[in-house]
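Numbering (the numbering used here), first residue to last: 7 to 171. We treat Cβ as the ideally placed atom computed from N, Cα and C, and that holds for glycine. Data block below; observations after.
In structure tokens, the structure reads:
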């Protein structure tokens, strides 16, 4: 029996699936909209809604929870070389679109815009139809050319992007 299994597997292992969804959500928070397949968008939408709900009230606990959902990565790790002592490597985290900037954008810009809204922060819009080929029985859905996957645009509702500095 498969009770309480609501998540899609998206044809990937758990770590790969979570990395994919975290990447999609980071891009959504950074750019305000993304184009992806319908299945990926449905999964990313539910996680993004939870993150924005957390961001409506800016507390240390909410930031910690959002960071845990978005990217639970270590900032330093140790690499053992074939000869010699282990080397400690630090990851760069403050490049545009990285976790810290996505978290700060979430809590400083996106969260305050949705303080009055009670939900429904992310909208999923199917993209325009590609005309079917001659003799095709396919209906007018936007499909990716290679495999026929339905493509959608995932966007933040009523989001005003910050002015370019």
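Alpha helix (DSSP H) segment containing residue i, residue limits
i: residue 24; result: 20-37
i: residue 44; result: 44-61
i: residue 14; result: It is not in any alpha helix (DSSP H) - residue 14 carries neither H nor E in the DSSP assignment.
i: residue 124; result: Where residue 124 is concerned, there is no enclosing alpha helix (DSSP H), given that its DSSP letter is neither H nor E.
i: residue 242; result: Past the edges of the chain, shown from 7 to 171, lies residue 242, and the structure says nothing about it.
Close beta carbons around residue i, own chain, < 6 Å, minus the five adjacent residues each side
i: residue 9; result: none
i: residue 161; result: 39, 129
Neighbourhood of residue i by C-beta, 7 Å cutoff - its chain only, sequence neighbours within 5 removed
i: residue 159; result: 39, 41, 131, 133
i: residue 111; result: 35, 36
i: residue 21; result: none
DSSP bridge partner residues for residue i (one or two, in chain order)
i: residue 7; result: According to DSSP, residue 7 bridges with nothing at all.
Same chain, Cβ closer than 8 Å to residue i, neighbours up to 5 away in sequence not counted
i: residue 115; result: 168
Residue-level contact to chain C via CB, residue i, 9 Å cutoff
i: residue 166; result: Chain labels in this structure do not include chain C; a single protein chain is all it has.
Whether residue i touches residue j by CB criterion (9 Å)
i: residue 60; j: residue 46; result: no
i: residue 127; j: residue 58; result: yes
Start-to-end residues for the beta strand (DSSP E) that takes in residue i
i: residue 132; result: 128-132
i: residue 160; result: 157-162
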